[in-house]
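Protein chains: 2
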Amino acid sequence: MTQATATAQPAALLTPEHLLTHWQGHRRLTRRMIEAFPEDQLFTFTAAPPMRSFGALAWELYNVSAYMLDGLVSDEWPNPDSSAPEPQDRAALLAAWDELTAKIDEGLPTIPPARYGEEKTLFWGVMLALDAALYAIDNEIHHRGQGYVYLRALGIEPPPFWER
Amino acid sequence: MTQATATAQPAALLTPEHLLTHWQGHRRLTRRMIEAFPEDQLFTFTAAPPMRSFGALAWELYNVSAYMLDGLVSDEWPNPDSSAPEPQDRAALLAAWDELTAKIDEGLPTIPPARYGEEKTLFWGVMLALDAALYAIDNEIHHRGQGYVYLRALGIEPPPFWER
Numbered sequence: 067m068t069q070a071t072a073t074a075q076p077a078a079l080l081t082p083e084h085l086l087t088h089w090q091g092h093r094r095l096t097r098r099m100i101e102a103f104p105e106d107q108l109f110t111f112t113a114a115p116p117m118r119s120f121g122a123l124a125w126e127l128y129n130v131s132a133y134m135l136d137g138l139v140s141d142e143w144p145n146p147d148s149s150a151p152e153p154q155d156r157a158a159l160l161a162a163w164d165e166l167t168a169k170i171d172e173g174l175p176t177i178p179p180a181r182y183g184e185e186k187t188l189f190w191g192v193m194l195a196l197d198a199a200l201y202a203i204d205n206e207i208h209h210r211g212q213g214y215v216y217l218r219a220l221g222i223e224p225p226p227f228w229e230r
Numbered sequence: 067m068t069q070a071t072a073t074a075q076p077a078a079l080l081t082p083e084h085l086l087t088h089w090q091g092h093r094r095l096t097r098r099m100i101e102a103f104p105e106d107q108l109f110t111f112t113a114a115p116p117m118r119s120f121g122a123l124a125w126e127l128y129n130v131s132a133y134m135l136d137g138l139v140s141d142e143w144p145n146p147d148s149s150a151p152e153p154q155d156r157a158a159l160l161a162a163w164d165e166l167t168a169k170i171d172e173g174l175p176t177i178p179p180a181r182y183g184e185e186k187t188l189f190w191g192v193m194l195a196l197d198a199a200l201y202a203i204d205n206e207i208h209h210r211g212q213g214y215v216y217l218r219a220l221g222i223e224p225p226p227f228w229e230r
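Residue numbers (this note's numbering), protein chains in the order written: chain A, 67 to 230; chain B, 67 to 230.
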């Protein structure tokens, strides 16, 4: 039944366009999580001290994604620059988030697909550029999942995981 | 500097071999999480009621992965069969986990790569087979991240996220 299409498809499991859609879908869900926290809990609450607040975790996610995007686009992988001050309110966090969303939309299509298959020396080791990109997404899913527990502990229903 | 290799690589960002490595790496980390819980907390503790225990979450992860593997290998996508009883202790959970690990190692290489680019009708909607596979992995990262909060709430240091 699938024989007809089987020969018409390339062996690429994941296209650059698909990676962009997948990444941005996850980032939209994380954005909804940032919005779901009460403003006075976003940067203060933790369900299990000494874990960081979801605002602090989201700021890490922003920084990791920005670092990966820059590396993939420029093919330069300097040590991450963490000098930007952590936002102190939701509006500032969301503004940075949305600015990066546009940069990802713009930058990702400019990356030569072959680059993903090359090994890069990041500050925490040598890895395929694809693995670096997947790491940014996986790390976002990981910490966002932690935010789900925080919201539940606050008695708030989180946005559905499957909605992107 | 990357010019030379850029033309030598195909446009496939993710190969079937890479998907297998990526998936099994995440499953190894989840297995370490299952081992990290005290036996008497694995199926009882939750950091935010009414959230499920990590044992129950891990059993969901097992079932989703088994369902996805069966669908990808057989290209048949019946409604998931949730009749298998949830394990009541760590040993039974790990035995099922390890059995599935071997099945994934065996089954994934038999899947025609083109299948991942085809739309499949799963019981929760139409999606690309690749998205179904990625969903299983993402769902595992998501719930495992929740388990990290549980462990922290129990005062236990979780295994490093980046170690696979």
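C-beta atoms are modelled at their ideal positions from N, C-alpha and C, and glycine is treated no differently.
Taken atom to atom, the span from the alpha-carbon of A180(A) to that of D106(B) is near 49 Å. At a cut-off of 8 Å between C-beta atoms, I207(A) counts as an interface residue with respect to chain B. Taking a Cβ-Cβ cut-off of 7 Å, the neighbours of V215(B) in chain A comprise A113, A114, M117, Q212, V215, given in sequence order.
In terms of Cα proximity to K169(B), the closest of P153(B), P178(B), L138(B), R210(B) is L138(B).
Rounded to whole angstroms, the separation of the alpha carbons of L85(B) and R230(B) is 14 Å. For D204(A), the C-beta contacts it makes with chain B under 7 Å involve I207, in order along the chain. About 6 Å separates the beta carbon of P225(A) from that of A102(A), a gap short enough to meet the 8 Å contact definition. Within the DSSP bridge table, the entry for M193(A) names K186(A) as partners.
With contacts defined as CB atoms closer than 8 Å, A162(A) and Y128(A) qualify as a contacting pair.
With respect to chain B, the C-beta atom of F227(A) has a partner C-beta closer than 8 Å.
In this model, F111(B) and F120(B) are separated by some 7 Å (Cα to Cα). By the criterion of a C-beta distance shorter than 8 Å, R156(A) is surrounded in its chain by I100, E101, F103, E105, L108, G121, once the five residues flanking it on both sides are discounted.
The DSSP-derived three-state label of N129(B) is helix. Residue burial annotation: W89(A) is buried, with at least 16 other C-beta atoms found within 10 angstroms of its C-beta. If you ignore the 5 residues before and after G213(A), its C-beta comes within less than 6 Å of the C-beta of M99, F120, all in its own chain and listed in chain order. For L108(A), the nearest beta carbon of chain B is not closer than 8 Å to its own beta carbon. Separation of the CB atoms of R210(B) and L135(B) is rounded to 18 Å, and the pair is thereby denied contact status at 8 Å.
Taking 8 Å as the cut-off, the Cβ atoms of L123(B) and L80(A) do not count as close.
Among the residues facing chain A, Y182(B) is included, as its CB has a counterpart in that chain under 8 Å away.
Around the beta carbon of E83(B), fewer than 16 other beta carbons lie within 10 angstroms, which makes this residue exposed.
Here DSSP, grouped into helix, strand and coil, assigns A113(A) to coil. A direct Cα-to-Cα measurement between R218(A) and N205(A) gives close to 20 Å. Close CB contacts of D171(A) within its chain, under the 8 Å cut and outside five residues either way in sequence, are with L86, Q90 (chain order). Cβ contact annotation for L166(A) (same chain, cutoff 7 Å, sequence separation greater than five): Y128, S131, A132, in chain order. The beta carbon of A198(B) is closer than 7 Å to those of M134, G137, K186, L188 in its chain, skipping five residues each way along the sequence. Boundaries of the alpha helix (DSSP H) harbouring I100(B): 82-102, taken from the DSSP string. Rounded to the nearest angstrom, the gap between the Cα atoms of A113(A) and L194(B) is 36 Å.
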